[in-house]
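> Quick one: the structure is below, questions incoming.
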Amino acid sequence: MNKNSKFQTRAIHFGYDSKEFHGALNPPIYMTSTFAFENVKQGSDAFEGENNHYIYSRIGTPSQALLEQRIANLEGAEAALATSSGMGAITSALWTLVEPG
């Protein structure tokens, strides 16, 4: 993608290469709750956070990761976080600001 692409183009195309998905123009939606591992080591590493393998859909999916990448790009941010509700977003923001006690 061109660095000078306009907002609308980045909103639709950023972070997705159709060649990686059999030429599908739109990113696939992953309608699964769990993901397979090639071996025990890969699974163990995923649960320890030592690789970027997906574990369980409530934790994250490739669809969610693409959404977060696009939002971050559109906002000019380093990263973004998608939550399932407004209260989830508020709670996440507050937890980063408050201190114990």
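So the number in our numbering is just where the residue sits in the sequence shown, counting from 1, plus 710.
A virtual CB, placed ideally from N, CA and C, is assigned to each residue, including glycine.
The structure presented is a predicted model; accordingly, all values stated were derived computationally and were not measured.
I think S794 touches P737, with their Cβ atoms under 8 Å apart; what is that distance to the nearest whole Å?
Against the sequence shown, residue 794 aligns to sequence position 84. Against the sequence shown, residue 737 aligns to sequence position 27. With 8 Å as the limit, S794 and P737 do not qualify as a contact, their Cβ atoms being about 19 Å apart.
> Taking only the alpha-carbon atoms, compute the straight-line gap between A782 and V750 and give it to the nearest angstrom.
As a first step, residue 782 is located in the sequence shown; it is residue number 72 there, counting from the start. As a first step, residue 750 is located in the sequence shown; it is residue number 40 there, counting from the start. Straight-line Cα distance between these residues: approximately 33 Å.
> Go through its chain and collect everything with a Cβ distance to A799's Cβ below 6 Å, but skip five positions before and after it.
Within the sequence shown, residue 799 is the residue found at index 89, counting from 1. Hits under 6 Å: T793.
> The alpha helix (DSSP H) that contains T806, what's its start and end?
Counted from its first residue, the sequence shown places residue 806 at position 96. Here the alpha helix (DSSP H) through T806 covers G796 to L807.
> May I ask you to check if the CB of T742 is nearer than 7 Å to at least one heavy atom of the ligand NAP?
What this structure holds is no ligand at all, so the ligand NAP is not there to describe.
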